Amino acid sequence: MTGGGPCVSLCALLTVLVLAVTTFMGNLLEEYRQRQKYEGEVVLRQKDVDDEWAAQIGKAIEKQIGQLHGLDLACNKFGNDGVRDLARGISQSSTLTHLNLSVNKIDKIGLDYIADSLLINTTINALSLNSLKFGSHL
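So the sequence shown is numbered by my numbering: it starts at 1461 and just counts up by one.
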């Protein structure tokens, strides 16, 4: 038997999927970088930002790349894991004044991460946390 049959096809499909996801995530971070650099505000509303990408954004904020004044991550897919690293970055920012985390999968645990970051970061004067997924965790 030659050609590898279905296994080769499955491997090729997985390779294509990995490349597509990597390209999407790279584009998302590049959009973040460009907007932060030129506008001071990053709007990534409804961009399917998940926990991994929220964590990457948090790390970028923590490194103080650019002058980020506003961050809108509303209507995405991240929850407590992503907001934990995001909050770490927020606590280190000295320029962020507006933050929108509405309509994400953040519950009381995630709110605790945000609250802790706001004890350190006193520059945020506008915070939106509408329609979060509290469930029975409160």
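Just so it is clear, CB atoms sit at the ideal spot from N, CA and C, and this is done for glycine as well.
Computed from a predicted structure; not experimentally measured.
Own chain residues within Cβ distance below 6 Å of residue i, not counting five before or after
i: Met1461; result: Here Met1461 scores only 47 on pLDDT, less than 50, and its place in the model is too uncertain to base an answer on.
i: Leu1592; result: Ile1566
i: Leu1423; result: Not covered by the structure: residue 1423. The range shown for the chain is 1461 to 1598.
i: Ala1586; result: His1558
i: Asn1601; result: The chain is shown only over 1461 to 1598; residue 1601 falls outside these bounds and no answer can be derived.
Nearest to residue i (by Cα), restricted to the options the options
i: Arg1427; options: Phe1538, Gly1549, His1529 and Ile1580; result: Residue coverage of the chain in this structure runs from 1461 to 1598, which leaves residue 1427 outside it and unanswerable.
i: Ser1562; options: Leu1533, Ala1575 and Asp1541; result: Leu1533
i: Ile1517; options: Gly1542, His1529 and Ala1575; result: Gly1542
i: Gln1524; options: Ser1554, Ala1515 and Lys1507; result: Ser1554
i: Ala1514; options: Asn1564, Ala1586, His1529 and Asp1576; result: Asn1564
Whole-Å CB distance - residue i paired with residue j, under 8 Å assumed
i: Asn1581; j: Leu1556; result: 7 Å
i: Gln1552; j: Glu1522; result: 5 Å
i: Asn1540; j: Gly1570; result: 4 Å
Sequence-distant residues of the same chain with beta carbon closer than 8 Å to residue i, five excluded per side
i: Ile1584; result: Ile1550, Leu1556, Thr1557, His1558, Leu1559 and Leu1578
i: Ser1588; result: Ala1534, Leu1559, Asn1560, Leu1561 and Ser1562
i: Val1509; result: Leu1488, Ile1517, Leu1533, Asn1536, Lys1537, Phe1538 and Gly1542
i: His1529; result: Gly1500, Glu1501, Thr1555, Leu1556, Thr1557 and His1558
Boundaries (first-last residue) of the beta strand (DSSP E) holding residue i
i: Leu1587; result: Ala1586 to Ser1588
i: Asn1560; result: His1558 to Asn1560
i: Val1502; result: Glu1501 to Val1503
i: Gly1530; result: Gly1530 to Asp1532
Own chain residues within Cβ distance below 7 Å of residue i, not counting five before or after
i: Arg1544; result: Tyr1573
i: Lys1519; result: Asp1545 and Gly1549
i: Ala1575; result: none
i: Gln1527; result: Gly1500 and Thr1555
Boundaries of the alpha helix (DSSP H) in which residue i is found, first to last residue
i: Gln1552; result: Asn1540 to Gln1552
i: Lys1507; result: Lys1507 -> no alpha helix (DSSP H), and no H or E assigned at all.
i: Leu1592; result: Neither: Leu1592 is in no alpha helix (DSSP H) and is coded neither H nor E.
i: Lys1519; result: Asp1511 to Glu1522
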